[in-house]
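Residue numbers (this note's numbering): 1 to 106.
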């Protein structure tokens, strides 16, 4: 269940919605050493990050989190379960060093 699936969240005031987002994310964020360090450097970091920097997504088995051809737009923190990476890209086999480089003069 994610925030967008709970219609009652839209009825909350913005400050209460912000507090809810922080509480939902805090345990997961602070289980990662990078986020612990950021929080130690800046006490308001967790609140700011929860407002603007993250989104909770729920994936089912066989769902794609990203594709190899996509430009990276996010980093992912796995909260529960496991994930596997499969590179489905097929590259043409190219022999390396088997031919002399072609010199083109202009």
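All residues carry an ideal CB built from backbone N, CA and C; glycine is no exception.
Owing to the predicted nature of the structure, the values given are computational and were not obtained by experimental measurement.
> Quick one: complete alpha helix (DSSP H) runs, 4+ long, within the segment 28-57?
Replying inline: List check, alpha helix (DSSP H) in window: 33-41 and 45-52.
> DSSP on residue 60, reduced to helix/strand/coil?
Replying inline: Stepping through the chain shown from its first residue, residue 60 is reached at position 60. Coil.
> Leaving out the 5 sequence neighbours to the left and right, which residues in its chain are closer than 8 Å to residue 47 when beta-carbon positions are compared?
Replying inline: For the purposes of this step, residue 47 is identified with residue 47 of the chain shown, where counting begins at 1. 18 and 22.
>> Does the segment 50-60 come into contact with the segment 1-8, if we say contact requires no fewer than three beta-carbon pairs (one atom in each stretch) closer than 8 Å?
In response: Yes: at least three Cβ pairs fall under 8 Å.
> Around the Cβ of residue 83, are there at least 16 other Cβ atoms within 10 angstroms (buried) or fewer (exposed)?
Replying inline: In the chain shown, residue 83 corresponds to position 83, counting from 1. It is exposed - the Cβ of residue 83 has fewer than 16 other Cβ atoms within 10 Å.
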